[in-house]
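Here the structure comes first, spelled out in C-alpha coordinates, and everything after it is commentary.
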Amino acid sequence: MNMNGPIHISRIERFQTCHEIATRLHEVYRDKILAIGVYGSVAKGTDGPFSDIEMFCVLSESNAPVDFSHEWSAGPWKAEVNVCSSDILLKTASTVEGDWPLTHGPFFSPLRLYDPKDFFSILKEAAESPTKEDFRHAINEVLVGEMYEFIGKLRNVSINGPRTYLPYLIMQFAQYGAMLVGLHNQKLFSTGSMVLPEALELPSRPQGFDHLVKMVMSGDLAESAKIISACENFWSGLVSWAVEHDYHMNSQRIPF
(Lines of atoms letter the chains of each structure in order from A and count residues from 1; the text may use other names and numbers.)
(Lines give C-alpha, C1' and ligand atoms only; values in the text may rest on other atoms or scores of the structure.)
Protein backbone atom coordinates (compact mmCIF):
# COMPACT_ATOMS: atom_id res chain seq x y z
CA MET A 1 0.00 0.00 0.00
CA ASN A 2 1.35 3.42 -0.95
CA MET A 3 1.50 5.73 2.09
CA ASN A 4 3.71 8.40 0.58
CA GLY A 5 1.00 10.44 -1.11
CA PRO A 6 0.37 10.82 -4.85
CA ILE A 7 2.87 9.47 -7.35
CA HIS A 8 3.78 10.60 -10.85
CA ILE A 9 0.93 9.65 -13.21
CA SER A 10 0.60 10.58 -16.87
CA ARG A 11 -2.39 12.50 -18.21
CA ILE A 12 -3.37 9.46 -20.27
CA GLU A 13 -3.38 7.23 -17.18
CA ARG A 14 -5.37 9.81 -15.18
CA PHE A 15 -7.94 10.16 -17.93
CA GLN A 16 -8.28 6.39 -18.14
CA THR A 17 -9.03 6.37 -14.41
CA CYS A 18 -11.79 8.94 -15.04
CA HIS A 19 -13.42 6.55 -17.50
CA GLU A 20 -13.09 3.67 -15.03
CA ILE A 21 -14.81 5.77 -12.35
CA ALA A 22 -17.56 6.69 -14.83
CA THR A 23 -18.12 3.01 -15.59
CA ARG A 24 -18.47 2.27 -11.89
CA LEU A 25 -20.92 5.17 -11.47
CA HIS A 26 -23.11 3.71 -14.21
CA GLU A 27 -23.07 0.37 -12.41
CA VAL A 28 -24.17 1.98 -9.13
CA TYR A 29 -26.69 4.61 -10.29
CA ARG A 30 -27.80 3.06 -13.60
CA ASP A 31 -30.65 4.93 -15.31
CA LYS A 32 -30.66 7.71 -12.71
CA ILE A 33 -27.61 9.32 -14.32
CA LEU A 34 -28.17 12.39 -16.50
CA ALA A 35 -24.54 13.30 -17.04
CA ILE A 36 -20.98 12.60 -15.96
CA GLY A 37 -18.21 15.13 -16.41
CA VAL A 38 -14.70 15.99 -15.29
CA TYR A 39 -13.73 19.42 -14.01
CA GLY A 40 -10.63 21.09 -12.62
CA SER A 41 -7.17 20.79 -14.12
CA VAL A 42 -7.94 17.48 -15.84
CA ALA A 43 -10.81 19.08 -17.78
CA LYS A 44 -8.62 22.05 -18.75
CA GLY A 45 -5.67 19.91 -19.79
CA THR A 46 -3.44 21.65 -17.26
CA ASP A 47 -3.14 18.77 -14.78
CA GLY A 48 0.31 18.03 -13.46
CA PRO A 49 1.85 14.64 -12.69
CA PHE A 50 0.46 14.68 -9.13
CA SER A 51 -2.97 16.24 -9.79
CA ASP A 52 -6.15 14.73 -8.37
CA ILE A 53 -9.36 13.86 -10.22
CA GLU A 54 -12.57 15.88 -9.81
CA MET A 55 -15.85 14.78 -11.37
CA PHE A 56 -19.57 15.51 -11.50
CA CYS A 57 -22.16 12.74 -11.47
CA VAL A 58 -25.53 14.37 -12.16
CA LEU A 59 -28.68 12.46 -11.26
CA SER A 60 -32.26 12.99 -12.40
CA GLU A 61 -34.55 14.94 -10.09
CA SER A 62 -36.36 12.84 -7.51
CA ASN A 63 -38.42 13.12 -4.35
CA ALA A 64 -35.22 12.53 -2.37
CA PRO A 65 -32.67 15.08 -3.60
CA VAL A 66 -29.05 13.94 -3.60
CA ASP A 67 -26.06 16.12 -2.80
CA PHE A 68 -22.88 14.54 -1.48
CA SER A 69 -19.31 13.72 -2.48
CA HIS A 70 -17.35 10.52 -2.73
CA GLU A 71 -13.75 11.42 -1.89
CA TRP A 72 -11.05 8.80 -1.54
CA SER A 73 -7.42 7.92 -2.15
CA ALA A 74 -6.45 4.81 -4.05
CA GLY A 75 -2.87 5.15 -2.78
CA PRO A 76 -1.04 6.71 -5.73
CA TRP A 77 -3.92 9.02 -6.70
CA LYS A 78 -6.93 10.80 -5.21
CA ALA A 79 -10.41 11.41 -6.62
CA GLU A 80 -13.53 13.35 -5.70
CA VAL A 81 -16.91 12.71 -7.31
CA ASN A 82 -19.71 15.14 -6.59
CA VAL A 83 -22.99 13.22 -6.87
CA CYS A 84 -25.83 15.68 -7.14
CA SER A 85 -29.44 15.93 -8.30
CA SER A 86 -29.76 18.12 -11.37
CA ASP A 87 -32.02 20.69 -9.69
CA ILE A 88 -29.59 21.18 -6.80
CA LEU A 89 -26.62 21.56 -9.14
CA LEU A 90 -28.46 24.10 -11.32
CA LYS A 91 -29.38 26.13 -8.25
CA THR A 92 -25.79 26.08 -7.01
CA ALA A 93 -24.50 27.16 -10.43
CA SER A 94 -26.88 30.12 -10.53
CA THR A 95 -25.98 31.34 -7.01
CA VAL A 96 -23.29 33.96 -6.39
CA GLU A 97 -21.41 33.79 -3.09
CA GLY A 98 -18.18 35.33 -1.90
CA ASP A 99 -15.93 32.66 -3.34
CA TRP A 100 -17.71 32.60 -6.73
CA PRO A 101 -14.57 33.58 -8.71
CA LEU A 102 -12.85 30.41 -7.50
CA THR A 103 -15.69 27.89 -7.18
CA HIS A 104 -17.83 28.36 -10.29
CA GLY A 105 -15.41 27.63 -13.10
CA PRO A 106 -16.43 23.95 -13.21
CA PHE A 107 -20.00 24.88 -14.18
CA PHE A 108 -18.89 26.60 -17.37
CA SER A 109 -16.74 24.00 -19.09
CA PRO A 110 -16.74 20.46 -17.70
CA LEU A 111 -15.20 17.78 -19.85
CA ARG A 112 -18.12 15.55 -20.85
CA LEU A 113 -17.79 11.81 -20.38
CA TYR A 114 -21.53 11.14 -20.63
CA ASP A 115 -24.16 13.73 -21.52
CA PRO A 116 -26.83 12.34 -23.85
CA LYS A 117 -29.36 15.08 -23.01
CA ASP A 118 -26.91 17.97 -23.21
CA PHE A 119 -27.31 18.75 -19.51
CA PHE A 120 -23.98 20.53 -19.26
CA SER A 121 -25.18 23.18 -21.73
CA ILE A 122 -28.13 23.82 -19.41
CA LEU A 123 -25.69 23.98 -16.48
CA LYS A 124 -23.64 26.63 -18.29
CA GLU A 125 -26.77 28.70 -18.92
CA ALA A 126 -27.57 28.55 -15.21
CA ALA A 127 -24.04 29.65 -14.33
CA GLU A 128 -24.39 32.61 -16.72
CA SER A 129 -27.76 33.68 -15.27
CA PRO A 130 -26.78 35.78 -12.19
CA THR A 131 -27.48 39.49 -12.44
CA LYS A 132 -25.36 42.49 -11.56
CA GLU A 133 -27.38 42.80 -8.37
CA ASP A 134 -26.49 39.22 -7.41
CA PHE A 135 -22.80 40.11 -7.63
CA ARG A 136 -23.37 43.34 -5.72
CA HIS A 137 -25.04 41.43 -2.90
CA ALA A 138 -22.13 38.96 -2.71
CA ILE A 139 -19.62 41.83 -2.59
CA ASN A 140 -21.51 43.50 0.24
CA GLU A 141 -21.49 40.23 2.17
CA VAL A 142 -17.72 39.82 1.80
CA LEU A 143 -17.10 43.41 2.84
CA VAL A 144 -19.06 42.95 6.07
CA GLY A 145 -18.68 39.25 6.74
CA GLU A 146 -14.96 38.96 6.10
CA MET A 147 -13.10 42.23 5.53
CA TYR A 148 -14.71 44.18 8.39
CA GLU A 149 -14.00 41.25 10.70
CA PHE A 150 -10.38 40.96 9.53
CA ILE A 151 -9.61 44.63 10.18
CA GLY A 152 -11.03 44.27 13.69
CA LYS A 153 -8.81 41.25 14.32
CA LEU A 154 -5.80 43.09 12.91
CA ARG A 155 -6.32 46.03 15.26
CA ASN A 156 -6.78 43.72 18.24
CA VAL A 157 -3.57 41.87 17.40
CA SER A 158 -1.67 45.11 16.91
CA ILE A 159 -2.53 46.04 20.52
CA ASN A 160 -2.76 42.73 22.37
CA GLY A 161 -0.95 40.23 20.14
CA PRO A 162 -0.09 37.57 19.32
CA ARG A 163 1.76 39.02 16.37
CA THR A 164 2.42 35.52 15.11
CA TYR A 165 -1.18 35.72 13.81
CA LEU A 166 -0.37 38.57 11.43
CA PRO A 167 0.98 36.52 8.48
CA TYR A 168 -2.24 34.51 8.45
CA LEU A 169 -4.33 37.68 8.60
CA ILE A 170 -2.59 39.37 5.68
CA MET A 171 -3.06 36.23 3.60
CA GLN A 172 -6.77 36.37 4.40
CA PHE A 173 -6.87 40.04 3.39
CA ALA A 174 -5.19 39.12 0.10
CA GLN A 175 -7.40 36.11 -0.65
CA TYR A 176 -10.73 37.80 0.07
CA GLY A 177 -9.54 41.02 -1.52
CA ALA A 178 -8.93 39.01 -4.69
CA MET A 179 -12.44 37.54 -4.42
CA LEU A 180 -13.85 41.08 -4.26
CA VAL A 181 -11.90 42.11 -7.35
CA GLY A 182 -13.07 38.97 -9.16
CA LEU A 183 -16.68 39.53 -8.16
CA HIS A 184 -16.56 43.18 -9.18
CA ASN A 185 -15.28 42.21 -12.63
CA GLN A 186 -17.45 39.07 -12.78
CA LYS A 187 -14.26 37.21 -13.60
CA LEU A 188 -13.40 33.60 -12.76
CA PHE A 189 -9.92 32.62 -11.63
CA SER A 190 -8.38 29.68 -13.45
CA THR A 191 -7.18 27.84 -10.34
CA GLY A 192 -6.52 28.40 -6.66
CA SER A 193 -2.79 28.80 -7.21
CA MET A 194 -3.39 31.64 -9.68
CA VAL A 195 -5.92 33.70 -7.69
CA LEU A 196 -3.49 36.42 -6.58
CA PRO A 197 -1.51 36.94 -9.82
CA GLU A 198 -4.68 36.87 -11.91
CA ALA A 199 -6.39 39.37 -9.59
CA LEU A 200 -3.50 41.77 -10.17
CA GLU A 201 -4.36 41.75 -13.89
CA LEU A 202 -7.99 42.81 -13.39
CA PRO A 203 -9.16 46.45 -13.54
CA SER A 204 -10.70 48.50 -10.73
CA ARG A 205 -8.52 47.22 -7.91
CA PRO A 206 -8.72 49.00 -4.53
CA GLN A 207 -5.81 51.23 -3.54
CA GLY A 208 -3.30 49.27 -1.48
CA PHE A 209 -4.36 45.89 -2.88
CA ASP A 210 -1.38 45.45 -5.19
CA HIS A 211 1.22 46.17 -2.51
CA LEU A 212 -0.43 43.82 -0.02
CA VAL A 213 -0.76 41.00 -2.55
CA LYS A 214 2.84 41.34 -3.70
CA MET A 215 3.98 41.09 -0.08
CA VAL A 216 2.06 37.85 0.31
CA MET A 217 3.31 36.38 -2.98
CA SER A 218 6.92 37.23 -2.11
CA GLY A 219 6.66 35.74 1.38
CA ASP A 220 7.87 39.02 2.90
CA LEU A 221 5.87 38.55 6.10
CA ALA A 222 8.48 38.73 8.86
CA GLU A 223 7.99 42.34 9.99
CA SER A 224 4.82 42.99 12.00
CA ALA A 225 4.83 46.74 11.37
CA LYS A 226 4.94 46.23 7.59
CA ILE A 227 2.03 43.80 7.69
CA ILE A 228 -0.10 46.10 9.85
CA SER A 229 0.66 49.07 7.63
CA ALA A 230 -0.13 47.16 4.43
CA CYS A 231 -3.44 45.87 5.79
CA GLU A 232 -4.51 49.27 7.13
CA ASN A 233 -3.65 50.94 3.81
CA PHE A 234 -5.60 48.31 1.93
CA TRP A 235 -8.56 48.75 4.26
CA SER A 236 -8.56 52.50 3.61
CA GLY A 237 -8.42 51.84 -0.11
CA LEU A 238 -11.22 49.30 0.19
CA VAL A 239 -13.49 51.78 1.98
CA SER A 240 -12.93 54.33 -0.80
CA TRP A 241 -13.42 51.65 -3.46
CA ALA A 242 -16.73 50.60 -1.88
CA VAL A 243 -17.98 54.20 -1.85
CA GLU A 244 -16.88 54.73 -5.45
CA HIS A 245 -18.81 51.68 -6.67
CA ASP A 246 -21.79 52.07 -4.32
CA TYR A 247 -21.09 48.97 -2.26
CA HIS A 248 -22.20 49.01 1.37
CA MET A 249 -20.32 48.09 4.54
CA ASN A 250 -22.94 49.19 7.02
CA SER A 251 -26.65 49.66 7.61
CA GLN A 252 -28.45 52.40 9.51
CA ARG A 253 -30.69 49.87 11.25
CA ILE A 254 -30.67 46.34 12.61
CA PRO A 255 -31.84 44.14 9.69
CA PHE A 256 -34.55 42.25 11.57
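In my numbering, the protein residues as written are 3 to 258.
Built from N, CA and C at the ideal position, the CB exists for glycine as well.
| Check | Outcome |
| --- | --- |
| Of the listed residues P103, S62 and E73, nearest to L91 (C-alpha basis) | S62 |
| Residues near V98 by beta carbon distance below 6 Å, same chain, minus five either side | P132, D136, F137 and A140 |
| Meets three-Cβ-pair contact criterion under 8 Å: the stretch 201-209 and the stretch 225-244 | yes |
| Three-way DSSP call (helix, strand, coil) for R138 in this model | helix |
| As assigned by DSSP and simplified to three states, the class of D212 | helix |
| Proximity below 9 Å, CB of V215 to CB of L202 | yes |
| Contiguous alpha helix (DSSP H) assignments of at least 4 residues, all confined to the stretch 79-141 | 88-95, 102-105 and 121-129 |
| Sequence ranges, alpha helix (DSSP H) only - wholly within the stretch 25-68, length at least 4 | 43-46 |
| Test: L104 CB closer than 9 Å to a CB of chain C | Here there is only one protein chain, and chain C is not present. |
| Beta-carbon proximity check, M217 vs L182, cutoff 9 Å | no |
| 8 Å CB neighbourhood of I23 in its chain, flanking five on each side removed | I55, M57, A81 and V83 |
| Boundaries (first-last residue) of the alpha helix (DSSP H) holding K228 | S226 to E246 |
| For S75: DSSP bridge partner residues | K80 |
| Candidates F109, I172 and N252, of which the one nearest S96 by Cα | F109 |
| Whole-Å CB distance - S53 paired with V40, under 8 Å assumed | Rounded, the Cβ-Cβ distance is 11 Å, inconsistent with contact. |
| Distance CB(D69)-CB(S87) smaller than 9 Å | yes |
| CA-to-CA distance, P67 to L145, given in whole angstroms | 33 Å |
| Extent of the continuous alpha helix (DSSP H) run through Q187 | Reading off the sequence, residue 187 comes out as Asn, not Gln. Note, N187: alpha helix (DSSP H), L168 to N187. |
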